[in-house]
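S.K.: First, the structure itself, so that you have it in front of you.
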Amino acid sequence: MYSRKLDAFGTMQTMYSRKFDAFGTMQAMYSRKLDAFGALQAMYSRKLDAFGTMQAMYSRKLDAFGTMQAMYSRKLDAFGTMQTEYSRKLDAFGALQAMYSRKLDAFGTIKKILPRCCGSLYH
393 MYSRKLDAFG
403 TMQTMYSRKF
413 DAFGTMQAMY
423 SRKLDAFGAL
433 QAMYSRKLDA
443 FGTMQAMYSR
453 KLDAFGTMQA
463 MYSRKLDAFG
473 TMQTEYSRKL
483 DAFGALQAMY
493 SRKLDAFGTI
503 KKILPRCCGS
513 LYH
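Quick note on this note's numbering: the sequence shown kicks off at 393 and runs consecutively.
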């Protein structure tokens, strides 16, 4: 009887040992899954960092583009100012031409009137 009880106890110990081994295997698998999850998290974190770097580069490019646009706008403004000044100069030149044309007309009129009233000056 005692021997059978010892055998039964040995069998129980063997079963318990196998269950413990199975639990250890499960723990090892779980640990590997946690390691894999940690590696995935690290990869995701690196991808987020790379995305952040790309966003920063894009932001700097947008800033540079904005600066270029501002410079171009200032150059357009300066060109507009130059055009306005040139237009005023052309207007002033047009006014001078009109005055000169009126003087020429007046001179032509005088040349026409002179022979009539002072014909003796030409003979």
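All C-beta atoms, glycine included, are put in the ideal place defined by N, C-alpha and C.
Taking the alpha-carbon positions, what's the Ser409 to Phe429 distance?
M.R.: So the alpha carbons of these two residues sit roughly 30 angstroms apart.
S.K.: What did DSSP end up calling Met460 once you bin it into helix, strand or coil?
M.R.: DSSP places Met460 in helix when its eight states are reduced to three.
S.K.: Helix, strand or coil for Lys393 per DSSP?
M.R.: Just to set this straight, residue 393 is Met in the shown sequence, not Lys. Coil, per DSSP.
S.K.: I need the straight-line Cα distance from Ser368 to Thr473, nearest angstrom please.
M.R.: In the structure as shown, the chain starts at 393 and stops at 515, and residue 368 therefore has no counterpart that could be examined.
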